[in-house]
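J.:
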Amino acid sequence: MEVILESTIKCPNCGHEKTEEMPTDACQFFYECENCKTVLKPKAGDCCVYCSYGTVDCPPIQQNKDCC
């Protein structure tokens with residue numbers, strides 16, 4: 001299975017979207033929206049901001065592994 005490394009994060013506060021490259025060696029717990037400066041945190045039950053607000057889950061979840 002090929003791991004997708006890009007995900008588009010959508011800010012729930014202002015709707016701004018940006019495509020980012022996900023880290024493969026760490027989870028990203030915080031992400032600051034470049035438009036409204038809201039700091040996003042994972043939703044309850046999610047391991048990172050990509051799993052909560054991205055179009056693609058983080059690499060470990062894609063590979064059916066435990067995330068950080």
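Sequential numbering of the sequence shown, starting at 1, is according to the working numbering. Idealized CB from N, CA, C, for every residue including glycine.
Which residues share a DSSP beta bridge with residue 39?
T.: Locating residue 39 in the sequence shown gives position 39, counting from the first residue. Answer by DSSP bridge pairing, in chain order: 32.
J.: On the criterion of 16 or more Cβ atoms from any shown chain inside 10 Å, does residue 3 qualify as buried, or is it exposed?
T.: Counting from one through the sequence shown, the residue named residue 3 turns up at place 3. Per the 10 Å Cβ criterion, exposed.
J.: Flag this pair as yes or no: are the beta carbons of residue 22 and residue 5 separated by less than 8 Å?
T.: One-based indexing of the sequence shown puts residue 22 at position 22. One-based indexing of the sequence shown puts residue 5 at position 5. Yes. Within cutoff.
J.: To which residues of the same chain is residue 51 closer than 7 Å at the C-beta, ignoring the five residues directly before and after it?
T.: As a first step, residue 51 is located in the sequence shown; it is residue number 51 there, counting from the start. Only 42, 57, 58 and 61 meet the Cβ criterion.
J.: By alpha-carbon positions, which one of 10, 25, 24 and 63 ends up nearest to residue 31?
T.: The sequence position of residue 31 within the sequence shown is 31, counting from 1. When only C-alpha atoms are compared, the closest one is 10.
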